[in-house]
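Chains X and Y, in that order, are what the protein sequence lines are.
Letter by letter, the first sequence follows residues 304 to 466 in my numbering.
Letter by letter, the second sequence follows residues 3 to 778 in my numbering.
What follows is a short report on a single structure.
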Amino acid sequence: MTEKRDITLNINGCDHAIRVEPRRTLVDAIRDDCGQTGTHIGCEHGVCGACTVILDGEAVRSCLMFAVQAQGKKIRTVEGLSDGATLHPLQAAFIRHHGLQCGFCTPGFLMLAVNALEREPDIGDEELLDLLASNLCRCTGYQNIIAAVRAAADEMRRAGAPA
Amino acid sequence: MTHDHPTPPTAAERKVLGHPVPRIEDRPLVTGHGRYAGDVSFPHQLHMRIVRSSHAHARIVTVDTAAARAHPGVVAVWTADDIADLPPIDFRDPSAEALKPYRQPVLARGRVRYVGDPVAAVFAEDPYVAEDAAELVGVVVEPLPVLMDAHALGEFDHGRVSEPTVIRHSFGDIDAAFANAHAIVELELTCGRHSGVPMETRGAIGRYDAARDVLELHGAAKVPHRNKDTLVRMLKRKPHGIHLFEGATGGGFGIRGELYPEDVLVLLAAMRLGRPVKWIEDRREHLMSANHSRHQHHRVRAAVDAEGRLLGMEDEFFHDQGAYVRTHGARVVGRTMSMLTGPYRVGAYRAVGHFRLTNKTPAATYRAPGRYEGTFVRERLMDAIAERLGIDRIELRRRNLIPGAEMPFTVAFDEPGAEELILDSGDYPALLDKALTHFKWDAVSADARRRRAAGEAVGTGIALFVEESGRGPADGARISVDTDGMVEVVTGGASVGQGFATAMAQICAEALGVDYARVRVVHGRTDRIAHGIGAHAARATVMTGGAVNETALALRAKALQFAAELLQTPSDMLDIVDGVVRRKDRDGGPSITLGAIAARVKPGAELLHGRAPGLSAEAWFHADHTVFPYGAAFAVVRVDRDTGQAIVERLMIAYDVGRAVNPMMLDGQLVGGAIQGVGGALMEEFTYDQTGEPLAVTLADYLMPTLREAPPVEVLIAEDFPSPRNPLGLKGGGEGGINAIGAVIAGAIDEAIGIPGAVTRLPVTPQRLRELLRRV
Numbered sequence: 304m305t306e307k308r309d310i311t312l313n314i315n316g317c318d319h320a321i322r323v324e325p326r327r328t329l330v331d332a333i334r335d336d337c338g339q340t341g342t343h344i345g346c347e348h349g350v351c352g353a354c355t356v357i358l359d360g361e362a363v364r365s366c367l368m369f370a371v372q373a374q375g376k377k378i379r380t381v382e383g384l385s386d387g388a389t390l391h392p393l394q395a396a397f398i399r400h401h402g403l404q405c406g407f408c409t410p411g412f413l414m415l416a417v418n419a420l421e422r423e424p425d426i427g428d429e430e431l432l433d434l435l436a437s438n439l440c441r442c443t444g445y446q447n448i449i450a451a452v453r454a455a456a457d458e459m460r461r462a463g464a465p466a
Numbered sequence: 003m004t005h006d007h008p009t010p011p012t013a014a015e016r017k018v019l020g021h022p023v024p025r026i027e028d029r030p031l032v033t034g035h036g037r038y039a040g041d042v043s044f045p046h047q048l049h050m051r052i053v054r055s056s057h058a059h060a061r062i063v064t065v066d067t068a069a070a071r072a073h074p075g076v077v078a079v080w081t082a083d084d085i086a087d088l089p090p091i092d093f094r095d096p097s098a099e100a101l102k103p104y105r106q107p108v109l110a111r112g113r114v115r116y117v118g119d120p121v122a123a124v125f126a127e128d129p130y131v132a133e134d135a136a137e138l139v140g141v142v143v144e145p146l147p148v149l150m151d152a153h154a155l156g157e158f159d160h161g162r163v164s165e166p167t168v169i170r171h172s173f174g175d176i177d178a179a180f181a182n183a184h185a186i187v188e189l190e191l192t193c194g195r196h197s198g199v200p201m202e203t204r205g206a207i208g209r210y211d212a213a214r215d216v217l218e219l220h221g222a223a224k225v226p227h228r229n230k231d232t233l234v235r236m237l238k239r240k241p242h243g244i245h246l247f248e249g250a251t252g253g254g255f256g257i258r259g260e261l262y263p264e265d266v267l268v269l270l271a272a273m274r275l276g277r278p279v280k281w282i283e284d285r286r287e288h289l290m291s292a293n294h295s296r297h298q299h300h301r302v303r304a305a306v307d308a309e310g311r312l313l314g315m316e317d318e319f320f321h322d323q324g325a326y327v328r329t330h331g332a333r334v335v336g337r338t339m340s341m342l343t344g345p346y347r348v349g350a351y352r353a354v355g356h357f358r359l360t361n362k363t364p365a366a367t368y369r370a371p372g373r374y375e376g377t378f379v380r381e382r383l384m385d386a387i388a389e390r391l392g393i394d395r396i397e398l399r400r401r402n403l404i405p406g407a408e409m410p411f412t413v414a415f416d417e418p419g420a421e422e423l424i425l426d427s428g429d430y431p432a433l434l435d436k437a438l439t440h441f442k443w444d445a446v447s448a449d450a451r452r453r454r455a456a457g458e459a460v461g462t463g464i465a466l467f468v469e470e471s472g473r474g475p476a477d478g479a480r481i482s483v484d485t486d487g488m489v490e491v492v493t494g495g496a497s498v499g500q501g502f503a504t505a506m507a508q509i510c511a512e513a514l515g516v517d518y519a520r521v522r523v524v525h526g527r528t529d530r531i532a533h534g535i536g537a538h539a540a541r542a543t544v545m546t547g548g549a550v551n552e553t554a555l556a557l558r559a560k561a562l563q564f565a566a567e568l569l570q571t572p573s574d575m576l577d578i579v580d581g582v583v584r585r586k587d588r589d590g591g592p593s594i595t596l597g598a599i600a601a602r603v604k605p606g607a608e609l610l611h612g613r614a615p616g617l618s619a620e621a622w623f624h625a626d627h628t629v630f631p632y633g634a635a636f637a638v639v640r641v642d643r644d645t646g647q648a649i650v651e652r653l654m655i656a657y658d659v660g661r662a663v664n665p666m667m668l669d670g671q672l673v674g675g676a677i678q679g680v681g682g683a684l685m686e687e688f689t690y691d692q693t694g695e696p697l698a699v700t701l702a703d704y705l706m707p708t709l710r711e712a713p714p715v716e717v718l719i720a721e722d723f724p725s726p727r728n729p730l731g732l733k734g735g736g737e738g739g740i741n742a743i744g745a746v747i748a749g750a751i752d753e754a755i756g757i758p759g760a761v762t763r764l765p766v767t768p769q770r771l772r773e774l775l776r777r778v
């Protein structure tokens with residue numbers, strides 16, 4: 304069970320060759336083996352969503368997967384959202400709308416919402432609220448998170464709309 | 003001594019102080035570059051895993067560590083015997099001698115007293131290995147009877163009862179008040195056991211720098227300087243031999259940053275084992291070992307005259323402290339009773355608080371400690387008095403509010419040592435009126451009546467409250483400008499995610515005359531400044547903000563003096579705007595940047611003429627008295643009769659904060675606090691079975707509000723009464739949002755289900771609400 308395996312994790316377009324036990328969770332591998340500590344661990348039982356990453360176009364809880372299961376897949380984390388110094392519209396909206404306080408849950412919310420808005424730019428408001436209700440935040444009371452995501456959705460729709 | 007400061011300018015007359023500017027903390031946090039405890043690692047570090055008691059109360063027979071020690075990758079396994087020289091976790095402030103025997107040992111000695119009590123510590127090369135080995139530690143115990151109800155007295159130790167102390171606060175002739183009462187209204191109320199539960203669990207990384215003989219604790223929060231003092235005492239080190247470091251903090255809410263056994267263990271292990279030691283708590287551990295809070299049973303009664311005026315209030319309560327007395331001593335009991343009368347004038351008062359131990363996770367402060375509980379009790383009582391006398395609940399409250407003309411208002415207690423409250427400023431009735439108008443209380447109440455007549459179970463609630471903040475005595479700051487014009491503010495404050503750096507940068511920028519984005523704020527580092535008040539009891543903005551203001555003003559004077567000499571212009575004709583010193587009276591003309599001044603006053607510079615080099619200053623802010631913000635909360639709640647779910651449709655907080663440093667951040671504090679309050683009112687509870695087994699040890703059992711349980715919260719920020727106790731007029735903003743939420747939701751549920759006084763216990767879970775509905 305504890306014999307280590309060689310795997311390669313592709314995170315934000317970079318390959319990380321690592322050697323892990325089969326039982327090692329994806330989030331531990333992302334953070335400790337690949338050094339991408341922007342993805343956070345809030346509960347390790349799939350409730351809080353702080354560890355949400357995008358795996359081949361699906362938002363997943365990286366505490367509920369083993370690292371070996373992510374071999375050969377494309378992983379996106381919060382570190383890959385901005386384009387150099389230019390923030391992703393959702394990152395900028397979180398700042399503008401005060402959608403974060405301690406910031407611990409923020410990467411999870413960002414990845415959850417980015418994935419939804421990329422897949423379904425015209426997502427309905429109720430559907431969006433249902434989606435955002437799957438992660439926990441303890442500081443903001445959520446209303447500024449909703450405001451930020453709505454604002455970014457509008458902006459992304461405008462940017463994506465044919466001229 | 004109190005001296006009154008003049009009324010400070012409003013935001014409109016200021017450039018950055020009082021404005022809702024974006025936070026300087028945010029960019030690293032949205033890009034994944036925050037450095038939380040879990041992100042701190044050192045080369046060759048070991049990982050610690052705690053073996054915890056699975057019994058609520060038992061005598062330890064043996065702890066067998068042989069198998070764990072033999073496990074590959076394990077470096078050491080400690081039990082109480084290995085740290086016999088360590089004292090228990092000490093109190094932060096000097097505390098009553100009677101409490102000392104009830105402190106928590108770093109590792110359980112002789113007995114375990116709650117499920118989760120640390121029994122052994124495993125140190126290994128890898129966290130997975132440490133966890134494997136922890137399962138190999140054999141703990142043999144002999145179960146003892148468990149005490150799960152704070153109403154009952156038991157034995158803590160041989161000859162020591164489970165009640166470390168009883169605290170009393172009183173004033174006036176309470177017996178006469180009850181003898182002369184037109185009516186006596188009596189209630190039994192319980193506030194449930196819940197807590198802050200920040201999204202980041204606790205973490206501690208110990209490191210020993212043998213070259214300098216310095217022990218470092220990373221992952222510190224809330225009160226790094228105070229904890230350093232405690233650690234110096236406990237570990238018998240010199241003050242320069244321990245330093246604490248705070249990184250990004252994933253929520254505090256009063257519970258993070260207290261000194262816990264794990265903090266002491268990583269330090270001791272780092273020194274003894276010669277390698278850095280990292281400990282990151284898992285969520286299950288957090289829910290059974292980080293401080294719980296709030297659990298109190300009250301028997302309260304009021305004596306009122308025919309008009310509903312409060313002749314007397316009497317309260318006896320039982321505070322369920324859990325297994326040990328932690329760093330605060332009996333502070334929460336004291337704050338509960340000193341703040342219980344809140345915004346009302348009460349003729350006579352007597353409160354008796356029983357500080358009782360049980361076999362549960364120990365308790366301490368959680369955001370608005372003693373006030374969330376006390377406001378629930380007081381406002382339930384006000385609703386009950388209104389019902390009994392047939393007086394409108396708003397009118398009853400108005401009759402009892404301390405009038406603005408009587409400010410400052412002193413609440414003094416008879417007991418020696420019971421600190422008096424001097425409510426510094428405000429007009430409670432005026433804020434109530436303003437809030438009623440803003441909420442459209444009459445229309446909202448009428449709408450709720452219509453909906454009830456149509457068969458819906460919907461009701462409105464109101465609760466009034468007073469908060470406390472900015473407790474002194476003093477805090478200092480040091481500010482310097484480098485040759486690039488970057489400003490560094492060194493504080494002894496702490497950031498628990500509340501935007502501390504932005505608030506301090508705004509205060510500094512306003513006073514000095516620079517762009518707040520050019521201000522870097524240092525906090526939570528004991529190696530940078532010797533004194534620090536930390537972030538607790540809404541102190542940070544008031545106390546550290548006061549210190550930053552004083553220091554920035556001193557630095558401004560110094561910069562203007564140097565500039566006057568350099569520009570050959572009298573300093574009173576100069577101003578500092580966006581980091582540039584220029585003439586006040588006209589555009590153009592000679593000017594110089596602060597960075598250039600800093601370059602001209604380097605050591606050895608001719609300009610100095612014997613003065614100390616560098617563009618820097620250090621100053622202190624002293625405060626003799628706490629300041630008291632205050633507010634009102636309103637709610638509309640609908641009850642689903644089938645499921646028993648209470649749905650909060652609307653919440654409003656009206657809050658007079660004196661002066662807001664950043665209204666956007668204050669709004670965030672109030673809204674976030676309010677939603678935490680909803681959790682405590684309806685969902686969150688640490689439950690136990692009769693053997694003391696905790697039943698809420700995952701986030702699937704301990705339910706916190708998601709977006710779907712979080713109603714929209716409206717905020718009415720008033721700045722009508724800046725505090726006369728500090729030059730910026732500030733009052734704290736961290737705890738006002740949560741204070742009255744249990745109270746206001748209880749009142750709204752009563753009205754929704756048409757049973758006055760129905761809610762006597764928080765949280766009002768669907769199960770409890772269904773029981774109440776069955777009584778109809």
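From the three backbone atoms N, C-alpha and C, an ideal C-beta is built for every residue, glycine too.
Owing to the predicted nature of the structure, the values given are computational and were not obtained by experimental measurement.
Where residue i falls: helix, strand or coil (DSSP)
i, result
"threonine 4 of chain Y", "Model confidence at threonine 4 of chain Y stands at a pLDDT of 49, short of 50, so the residue's coordinates are unreliable; what they give is reported in the following sentence. Reduced to three states, the DSSP call for threonine 4 of chain Y is coil."
"asparagine 293 of chain Y", "coil"
"tyrosine 104 of chain Y", "helix"
"leucine 191 of chain Y", "strand"
"alanine 350 of chain Y", "strand"
"aspartate 66 of chain Y", "strand"
"threonine 708 of chain Y", "coil"
"cysteine 408 of chain X", "coil"
"aspartate 159 of chain Y", "strand"
"arginine 380 of chain Y", "helix"
"threonine 439 of chain Y", "helix"
Cα-Cα separation between residue i and residue j, rounded to whole angstroms
i, j, result
"glutamate 318 of chain Y", "threonine 377 of chain Y", "15 Å"
"alanine 554 of chain Y", "glycine 616 of chain Y", "14 Å"
"phenylalanine 415 of chain Y", "glycine 344 of chain Y", "14 Å"
"glutamine 647 of chain Y", "alanine 69 of chain Y", "50 Å"
"valine 266 of chain Y", "leucine 233 of chain Y", "7 Å"
"alanine 395 of chain X", "cysteine 346 of chain X", "27 Å"
"leucine 435 of chain X", "methionine 414 of chain X", "11 Å"
"arginine 113 of chain Y", "glutamine 692 of chain Y", "19 Å"
Closer than 7 Å at the beta carbon, the chain Y residues around residue i
i, result
"cysteine 442 of chain X", "Gly253, Gly499, Gly674"
"threonine 355 of chain X", "Simply none; closest approach about 12 Å."
"glutamine 374 of chain X", "None at all; the shortest Cβ gap to chain Y is about 19 Å."
"alanine 436 of chain X", "Thr708, Leu709, Arg710"
Chain-ordered neighbours of residue i on chain X, where CB pairs are closer than 7 Å
i, result
"leucine 31 of chain Y", "Leu403, Gly406, Thr409"
"valine 284 of chain Y", "For clarity, residue 284 of chain Y is aspartate in the given sequence; the question names valine instead. Correct list: Glu347."
"glycine 670 of chain Y", "His401, Gln404, Thr443, Asn447"
Cross-chain neighbours of residue i in chain Y, by beta carbon under 9 Å
i, result
"phenylalanine 397 of chain X", "Asp28, Leu31, Val32"
Option nearest residue i by Cα separation, candidates the options
i, options, result
"arginine 473 of chain Y", "Y:Pro11, Y:His624, Y:Met290", "Y:His624"
"glutamate 608 of chain Y", "Y:Val583, Y:Glu567, Y:Ser573, Y:Ile594", "Y:Glu567"
"proline 592 of chain Y", "Y:Ala598, Y:Ile599, Y:Ala600, Y:Val583", "Y:Val583"
Beta-bridge partners of residue i, as assigned by DSSP
i, result
"methionine 50 of chain Y", "Y:Phe125"
"serine 172 of chain Y", "Y:Arg352"
Partner residues on chain Y for residue i, Cβ-Cβ distance less than 8 Å
i, result
"leucine 439 of chain X", "Met201, Leu701, Met706, Thr708"
Partner residues on chain X for residue i, Cβ-Cβ distance less than 9 Å
i, result
"proline 45 of chain Y", "Per Cβ cutoff of 9 Å: no residues; proline 45 of chain Y is ~14 Å from chain X at best."
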